Amino acid sequence: MLTLDEYAGALAAVCLDREPSESDVKALAGDPARWLRYRRMVRRRLSDIVRATFPRLETAVGDPALTALEDGFFAARALASPLIRDVPGEFLGWARGEASLPAYALELAELEWTERVVTYAEDDDGEVAPLAMDAPVVLTRAHRLLAFAHAVHRFDPATARMPEATPTRLCVYRDPESHDVRVLETTAVTHELLEELSGGASLRASIARAAERTGVELDLPFLEALSDILADFSTRGLVRGARRSAPPAE
Amino acid sequence: MTAFPSGVGIGLRAGLAAELMAAPPAELAFVEVTPENYLRRGGRYAEMLKAAMRRFPVVTHGLSLSLGGPDRLDAEELRALDRFLGDVGTPWHSDHLSFGAVDGAMLHDLLPVPFSRAAVRHVADRIGKVQDALRVPFAVENITYYEPGTGSEMDEGDFVTEVVRTTGAGLLLDVNNVYVNGKNHGLDPRAVLARMPLDRVVQIHIAGHDASDPALLIDTHAEPVLPDVHALLEWVLERTGPVPVLLERDDNFPPWEELCAEVRRIDGILRAAPAQKKAGAC
Chain A
11 MLTLDEYAGA LAAVCLDREP SESDVKALAG DPARWLRYRR MVRRRLSDIV
61 RATFPRLETA VGDPALTALE DGFFAARALA SPLIRDVPGE FLGWARGEAS
111 LPAYALELAE LEWTERVVTY AEDDDGEVAP LAMDAPVVLT RAHRLLAFAH
161 AVHRFDPATA RMPEATPTRL CVYRDPESHD VRVLETTAVT HELLEELSGG
211 ASLRASIARA AERTGVELDL PFLEALSDIL ADFSTRGLVR GARRSAPPAE
Chain B
59 MTAFPSGVGI GLRAGLAAEL MAAPPAELAF VEVTPENYLR RGGRYAEMLK
109 AAMRRFPVVT HGLSLSLGGP DRLDAEELRA LDRFLGDVGT PWHSDHLSFG
159 AVDGAMLHDL LPVPFSRAAV RHVADRIGKV QDALRVPFAV ENITYYEPGT
209 GSEMDEGDFV TEVVRTTGAG LLLDVNNVYV NGKNHGLDPR AVLARMPLDR
259 VVQIHIAGHD ASDPALLIDT HAEPVLPDVH ALLEWVLERT GPVPVLLERD
309 DNFPPWEELC AEVRRIDGIL RAAPAQKKAG AC
């Protein structure tokens with residue numbers, strides 16, 4: 011007779027192992043076909059959400075390769091979150107260690123997962139102040155910055171060709187009105203600026219560091235261009251404003 | 059349990075939300091939400107939930123507590139759940155008499171707990187921890203099982219009764235699950251129901267199922283409710299009196315008017331139920 015823990019372990023193994031072992035099915039007793047039905051149901055549910063999240067990855071690598079990846083993922087049991095919506099992120103985390111996946115395909119999956127994360131990122135709260143050079147800038151929570159070696163945002167499912175291999179920096183953000191997710195391709199200096207701002211540095215310090223890191227001269231044309239970019243980011247809801255300074259202690 | 063409208067509700071699903079907000083059936087009394095879909099989520103989901111809360115009473119129903127599972131309950135997740143339940147103002151929270159997490163791996167399915175005395179003790183202990191963590195009453199739902207959990211030594215009715223009586227939890231009675239189990243295991247659904255603690259029913263679920271393989275019906279929530287299941291609902295309501303009834307439709311959505319007609323059909327059955335439960339019926 012199995013203990014409760016042994017029973018749960020045997021059923022989990024039947025559902026998640028690459029192949030259900032005869033000994034596990036036998037240990038469960040009852041009708042083997044019905045235990046195998048559970049296996050199909052569990053795997054189907056997990057696969058459905060993986061494929062709903064990564065349609066471009068599926069197009070890029072094809073169904074057999076994705077199925078093989080899923081088999082490995084299930085068997086690795088890298089399914090820690092109680093939330094099913096986290097499964098694709100867990101799949102991606104596991105797939106990062108898979109040598110069989112081409113680098114561009116992994117980047118494609120990173121982009122698809124990021125789009126999903128940004129779609130449902132928590133809403134912004136708290137008041138912000140107008141932008142000021144010496145205050146930290148508040149970006150929307152619903153954004154992520156990505157740096158890739160391939161232009162995966164230009165992947166065309168119709169041809170499924172490998173995207174161009176070129177340094178690519180993307181900002182994925184959510185439109186605050188429509189909730190649609192948008193993908194912006196940014197320059198190296200804008201990417202660095204957004205990285206600095208995300209880290210909580212002041213606008214002045216962020217501009218200086220971004221320019222220094224990318225070897226851009228801090229001249230008037232550069233600052234004017236940057237001003238236009240920040241205005242555009244504000245319009246898009248990516249830049250919310252400046253962090254309000256804490257009231258003076260009494 | 060807190061008072062709640064004993065009408066017909068529908069599950070808030072992204073695929074139904076637009077029509078639900080634009081043209082809800084007049085008979086709709088509440089919506090049911092799954093906290094796992096909304097916890098720590100903004101954007102469209104948060105907006106959908108806020109819109110539903112402005113319009114309808116909300117009751118919550120979860121998927122992930124894994125009440126029969128071996129893994130430790132996550133205290134932080136329970137705290138987050140409790141905060142969410144407070145935010146939406148649910149009168150109670152429910153989850154399934156099943157397990158889904160084993161050795162740190164979440165299978166995201168409702169796997170059957172053996173109908174055994176050891177399982178009653180195990181599940182009751184975990185329900186106690188959930189009850190301690192939540193500030194609203196807690197109810198358990200009977201599941202569809204395609205094979206009884208290994209080591210079962212009693213029937214489902216006795217198991218559910220033991221769990222409910224031991225813990226003081228309410229019962230979210232899924233009549234479609236009882237029907238599907240009856241067909242799949244050669245049992246009379248009414249005989250199974252008669253052994254359930256009907257006096258503890260706080261809410262009922264009704265749904266359709268996939269009957270394409272008559273040898274094994276599958277609980278899908280993606281098909282119309284069968285007349286036999288309506289009849290079973292009627293039978294239960296005669297014994298429980300009016301309680302909130304939730305139409306579960308999670309996939310394969312029909313035209314909105316069809317769902318509204320289903321809500322009206324269920325509302326008609328509910329309105330015909332005796333105002334009080336039958337004396338000695340449970």
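Chains A and B, in that order, are what the protein sequence lines are.
If you number the first sequence the way this note's numbering does, the last residue is 260 and the count never jumps.
If you number the second sequence the way this note's numbering does, the last residue is 340 and the count never jumps.
Where a beta carbon is used, it is the ideal one built from N, C-alpha and C, also for glycine.
Computed from a prediction, not measured in an experiment: that's the story for all the values here.
Beta-bridge pairing of residue i - partner residues as DSSP gives them
i, result
"A:CYS25", "Answer is none; A:CYS25 lacks a bridge partner."
"A:CYS181", "A:LEU155, A:LEU194"
"B:GLN261", "B:LEU230"
"B:ILE68", "B:VAL89, B:LEU305"
"A:PRO146", "A:SER212"
"A:ALA175", "A:HIS160"
"B:HIS267", "B:ASP277"
"B:GLU199", "B:HIS154, B:LEU230"
"A:VAL264", "Nothing about residue 264 of chain A can be read from this structure; chain A reaches only from 11 to 260."
"B:LEU169", "B:PHE157"
C-beta neighbour in chain D for residue i, strict 9 angstroms
i, result
"B:GLY126", "Protein chains A and B are contained in the structure displayed, whereas chain D is not."
Chain A contact for residue i (CB, 9 angstroms cutoff)
i, result
"B:PHE196", "no"
"B:GLY207", "yes"
"B:LEU97", "yes"
"B:ASP308", "no"
"B:GLY101", "yes"
"B:HIS119", "no"
"B:ALA330", "no"
"B:HIS180", "yes"
"B:SER64", "no"
"B:ALA337", "In this predicted model, B:ALA337 has a pLDDT of only 43, less than 50, meaning its place in the structure is not dependable; the value taken from the coordinates is given anyway. For B:ALA337, the answer is no, since every Cβ of chain A falls outside 9 angstroms of its Cβ."
"B:ALA176", "yes"
"B:TYR237", "no"
"B:ARG289", "In the sequence as presented, Arg is not what sits at residue 289 of chain B; that position holds Ala. It does not: the Cβ of B:ALA289 has no partner Cβ on chain A nearer than 9 angstroms."
"B:GLU105", "yes"
Among the options, nearest to residue i - alpha-carbon criterion
i, options, result
"B:TYR203", "B:ILE276, B:LEU121, B:ASN310", "B:ILE276"
"B:ARG113", "B:LEU121, B:GLY67, B:PRO93, B:LEU125", "B:GLY67"
"A:VAL182", "A:TYR114, A:LEU194, A:GLU120", "A:LEU194"
"B:MET254", "B:VAL221, B:LEU274, B:GLY147", "B:VAL221"
"B:LEU229", "B:GLY158, B:ALA331, B:PHE217", "B:PHE217"
"A:ALA161", "A:PRO173, A:ARG151, A:HIS153, A:ARG154", "A:PRO173"
"B:PRO313", "B:LEU78, B:PRO63, B:GLY65", "B:LEU78"
"A:ARG28", "A:PHE83, A:VAL199, A:ARG61, A:ARG184", "A:PHE83"
"A:ALA168", "A:PHE64, A:SER255, A:ALA37, A:ALA70", "A:ALA70"
"A:THR176", "A:ALA157, A:MET11, A:ARG55", "A:ALA157"
"B:SER64", "B:ALA72, B:GLU85, B:ARG137", "B:GLU85"
"B:ARG296", "B:GLY266, B:ALA330, B:ASP308", "Correcting the residue identity first, residue 296 of chain B is Glu in this sequence and not Arg. Of the listed residues, the one whose Cα sits closest to B:GLU296 is B:ALA330."
"B:GLU320", "B:ASP190, B:GLY266, B:ASP232, B:SER122", "B:GLY266"
"B:GLY100", "A:LEU204, A:ALA221, A:THR150", "A:THR150"
"A:HIS189", "A:LEU155, A:HIS201, A:ALA131", "A:ALA131"
"B:VAL117", "B:LEU284, B:TYR96, B:ASP132, B:PHE62", "B:PHE62"
"B:LEU291", "B:ASP268, B:HIS166, B:ASN242, B:TYR237", "B:TYR237"
"B:THR224", "B:ILE264, B:ARG258, B:ARG248", "B:ARG258"
"A:THR129", "A:GLU187, A:ASP15, A:SER31, A:GLU16", "A:GLU187"
"A:ARG66", "A:ARG164, A:SER31, A:GLU108, A:PRO92", "A:ARG164"
"B:THR278", "B:LEU251, B:LEU70, B:ASN235", "B:ASN235"
"B:VAL91", "B:LEU256, B:ASP145, B:LEU125", "B:ASP145"
"A:ALA39", "A:LEU21, A:VAL52, A:SER244", "A:LEU21"
is_contact[residue i, chain B] using C-beta, thresh 9 angstroms
i, result
"A:ILE94", "yes"
"A:VAL52", "yes"
"A:TRP104", "no"
"A:HIS201", "no"
"A:ALA235", "no"
"A:VAL97", "yes"
"A:ARG184", "yes"
"A:ARG192", "no"
Next item on the list: Select from the stretch 117-134 of chain A all residues with a C-beta closer than 7 angstroms to any C-beta belonging to chain B, and list them in chain order.
Entry: THR129, TYR130, ALA131, GLU132, ASP133
Notebook entry, point to check: What runs of the alpha helix (DSSP H), each 4 residues or longer, lie entirely inside the stretch 111-144 of chain A?
Noted result: 113-129
Check: Using Cβ-Cβ distances below 9 angstroms, what residues of the stretch 150-172 of chain B are close to chain A?
Finding: PHE157, GLY158, ALA159, VAL160, ASP161, GLY162, ALA163, MET164, LEU165, HIS166, ASP167, LEU169, PRO170, VAL171, PRO172
Next item on the list: Select from the stretch 257-281 of chain B all residues with a C-beta closer than 9 angstroms to any C-beta belonging to chain A, and list them in chain order.
Entry: LEU274, ILE276
Checklist line | Interface positions of the stretch 153-175 of chain A facing chain B (Cβ-Cβ less than 8 angstroms), listed along the chain | finding: none
Next item on the list: Check each residue of the stretch 13-32 of chain A: if its Cβ is closer than 7 angstroms to any Cβ of chain B, include it; give the result in chain order.
Entry: LEU14, ASP15, TYR17, ALA18, GLY19, LEU21, ALA22, CYS25, LEU26
Notebook entry, point to check: At what residue ranges does the stretch 269-315 of chain B contain a whole run of the alpha helix (DSSP H), taking only runs of 4 or more?
Noted result: 285-298
Check: What alpha helix (DSSP H) runs, 4 residues minimum, are completely inside the stretch 88-165 of chain B?
Finding: 101-113, 133-146
Margin query: If the cut-off is 8 angstroms on Cβ atoms, which residues from the stretch 128-147 of chain B count as contacting chain A, listed in chain order?
Written below: PRO128, ASP132, GLU135
Next item on the list: Name, going along the chain, the residues of the stretch 85-96 of chain B whose beta-carbon falls closer than 9 angstroms to a beta-carbon of chain A.
Entry: GLU94, ASN95
Margin query: Along the stretch 41-73 of chain A, where does the CB come closer than 7 angstroms to a CB of chain B? Name the residues.
Written below: ASP41, ARG44, TRP45, ARG47, TYR48, MET51, VAL52, ARG55, LEU56
Check: Using a beta-carbon distance cut-off of less than 7 angstroms, what residues from the stretch 78-92 of chain A approach chain B?
Finding: ARG87, LEU89, ALA90, SER91, PRO92
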